[in-house]
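Presented below is the structure to which this report refers.
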């Protein structure tokens, strides 16, 4: 049974991944099975249970607001697929 | 000179200190071994022999890991070296900085050497999801080494690394260690800084060591653990000597046996080996106590919601702008993103990003993600209750022996169920270790079985003591038979 609510192509668009028709069909069936499997979580009554987001309850970690040395420009740009004039060149955003 | 590559770290260091050989000899011996065996194993994605030799020349052998070469999973940044997470989207990427664990290894005198293969972005249980190459199990090269830290485990088993670093989000250190017949430790969440580890699921990921003994893993944990200002989730706890409990016995140690970890459908031969190992612990003086972890059956479901949700957010950074692959000639920005990620990510990564995006999407968040977080609480409570009665839990690491390459690639759910005994550890944030406990003959080859000990959070010293006490008797058949003469 594939999940009636999962539209792989729509979700892939939200996740910014172009998929081939073949990938859409394969993932639809595979992820349908995974979603069917996780349905078992619905058999538990969790109405009185607090959620755990994190293994250790750490909140609001503060540090002094002091400037520290970071990567220099050359190191920061070294992996950019396209750079010029000490800047990352990006695909045009505004027409 | 005899073959250095089969030595444990402690014996290697003893040799350095007695002047029998030097760190340069150790790097050369490894390089020779890698050249000989790695074409058949495929553990290494790359290595920089010249810089390792240069570091070895300068090594201070008086330091805790002085002159010891350590292999690194390809998800951990080492300055100047490639870091691809075995993904095409990071092809050509070179790390601009050292991960905290690497800086700490260097401070302890160790030499990071070699980039080890893995499932792409640590997503997988067989290392078959690497975009670059297959890694083969040294015990039977037609089989998988486990994953996702498959290169880290296979290289140690094949004696082409003394010890390595891996990362464990749902079993990715312990399961390959089990299938390759070596020792693998997942530290408690917050014990080791994640700064410089490429993030998969941030509330679950931990870096840990793989080695040929518990002692070697303890020595590496000594070096890499501790609070790090660069990782706000690392815990500020007093430093400990994790080797403090090594060499003790199991007398009076209370070991919990969870009925839920001995399930129908697991390989009967694995079950028998683990049950004999438990009997051996009793003979060695341990007290066996039945415990119940009633929500175990939900762990895989919870994991594949939480881990994919976190991954979908973490992997949003791979957008082809600042680093990594960028699609050619995009029509517009949306096309740039969509084709960059289509071309750069492999199937399993896409599958998980889509699942994670779905469970976080409007209208489904409460039904999937919030519910999974609540069941995560129940899983944590199961362990808390069990650890009121016992010092550690003893159970199998993996329900299966190493399976054949290709056997499960088309069935993701079946692949996910391979992690059934390791996943709950990460959800609860506790520590766990896999040590070898026997060999099973299959198609004329011997395949290792792993035994897992689980300890409560931040209880590594005790956990390592227990694993070491078992290992000195119960693991020797495997550890002395490591396939080092491929």
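Chains as they are written, first to last, in my numbering: chain A, 633 to 727; chain B, 16 to 501. Think of the CB as a built atom: it goes at the ideal place given N, C-alpha and C, for glycine as much as any other residue.
Neighbour-count burial assignment, residue i, 16 or more Cβ in a 10 Å radius
i	result
residue 56 (chain B)	buried
residue 33 (chain B)	exposed
residue 170 (chain B)	buried
residue 698 (chain A)	exposed
residue 371 (chain B)	buried
residue 689 (chain A)	exposed
residue 468 (chain B)	buried
residue 726 (chain A)	exposed
residue 340 (chain B)	buried
residue 489 (chain B)	buried
residue 388 (chain B)	buried
residue 175 (chain B)	buried
residue 671 (chain A)	exposed
residue 167 (chain B)	buried
residue 719 (chain A)	exposed
Distance, residue j Cα to residue i Cα
i	j	result
residue 144 (chain B)	residue 300 (chain B)	43 Å
residue 350 (chain B)	residue 359 (chain B)	14 Å
residue 156 (chain B)	residue 369 (chain B)	33 Å
residue 89 (chain B)	residue 98 (chain B)	5 Å
residue 634 (chain A)	residue 276 (chain B)	Here residue 634 (chain A) scores only 45 on pLDDT, less than 50, and its place in the model is too uncertain to base an answer on.
residue 653 (chain A)	residue 354 (chain B)	14 Å
residue 310 (chain B)	residue 400 (chain B)	12 Å
residue 462 (chain B)	residue 196 (chain B)	8 Å
residue 700 (chain A)	residue 247 (chain B)	17 Å
residue 678 (chain A)	residue 423 (chain B)	33 Å
residue 110 (chain B)	residue 713 (chain A)	15 Å
residue 478 (chain B)	residue 417 (chain B)	25 Å
residue 25 (chain B)	residue 683 (chain A)	44 Å
residue 453 (chain B)	residue 232 (chain B)	20 Å
residue 407 (chain B)	residue 273 (chain B)	11 Å
residue 177 (chain B)	residue 287 (chain B)	30 Å
residue 142 (chain B)	residue 281 (chain B)	21 Å
residue 20 (chain B)	residue 312 (chain B)	41 Å
residue 267 (chain B)	residue 293 (chain B)	14 Å
residue 517 (chain B)	residue 82 (chain B)	Shown here, chain B extends from 16 to 501; a query on residue 517 (chain B) therefore has no answer.
residue 402 (chain B)	residue 481 (chain B)	15 Å
Enclosing beta strand (DSSP E) for residue i [first to last residue]
i	result
residue 427 (chain B)	Element bounds for residue 427 (chain B): not the beta strand (DSSP E) but the alpha helix (DSSP H), 427 to 432.
residue 411 (chain B)	407 to 411
residue 469 (chain B)	460 to 470
residue 350 (chain B)	It is not in any beta strand (DSSP E) - residue 350 (chain B) instead sits in the alpha helix (DSSP H) that spans 348 to 359.
residue 91 (chain B)	Segment: none, residue 91 (chain B) is in no beta strand (DSSP E) and carries neither H nor E.
Assigned secondary structure, residue i (DSSP; H/G/I helix, E/B strand, else coil)
i	result
residue 300 (chain B)	coil
residue 725 (chain A)	coil
residue 158 (chain B)	strand
residue 641 (chain A)	helix
residue 188 (chain B)	coil
residue 342 (chain B)	coil
residue 292 (chain B)	helix
residue 144 (chain B)	coil
residue 209 (chain B)	coil
residue 62 (chain B)	coil
residue 633 (chain A)	Below a pLDDT of 50, predicted positions are generally treated as unreliable, and residue 633 (chain A), at 40, falls in that range; the measurement from the model is reported next regardless. Residue 633 (chain A): coil per DSSP, three-state reduction.
residue 327 (chain B)	helix
residue 152 (chain B)	strand
residue 83 (chain B)	coil
residue 489 (chain B)	helix
Contact set for residue i: own chain, Cβ-Cβ below 8 Å, skip 5 residues either direction
i	result
residue 442 (chain B)	219, 314, 317, 318, 321, 391, 394, 395
residue 715 (chain A)	709, 721
residue 404 (chain B)	269, 271, 304, 306
residue 302 (chain B)	267, 268, 269, 270
Contacts around residue i, its chain only, beta-carbon distance under 6 Å, and the 5 residues preceding and following it disregarded
i	result
residue 35 (chain B)	none
residue 333 (chain B)	104, 339
Endpoints, the alpha helix (DSSP H) within which residue i is located
i	result
residue 651 (chain A)	It is not in any alpha helix (DSSP H) - residue 651 (chain A) carries neither H nor E in the DSSP assignment.
residue 76 (chain B)	No alpha helix (DSSP H) contains residue 76 (chain B), which DSSP labels as neither H nor E.
residue 386 (chain B)	386 to 404
residue 446 (chain B)	Not the alpha helix (DSSP H): residue 446 (chain B) falls in the beta strand (DSSP E), residues 446 to 457.
residue 509 (chain B)	No answer is possible for residue 509 (chain B): it lies beyond the span of chain B, which begins at 16 and ends at 501.
residue 38 (chain B)	38 to 56
residue 25 (chain B)	24 to 33
residue 229 (chain B)	229 to 239
residue 131 (chain B)	Premise fails: residue 131 (chain B) lies in the beta strand (DSSP E), 126 to 131, not in any alpha helix (DSSP H).
Neighbourhood of residue i by C-beta distance below 7 Å, restricted to the same chain and skipping five residues each side
i	result
residue 130 (chain B)	59, 60, 61, 62, 87, 89, 96, 97
residue 201 (chain B)	183, 188, 189, 221, 223, 440, 446, 447
residue 432 (chain B)	315
residue 457 (chain B)	416
residue 67 (chain B)	42, 84, 126, 128
residue 212 (chain B)	90, 91, 114, 182, 220, 222
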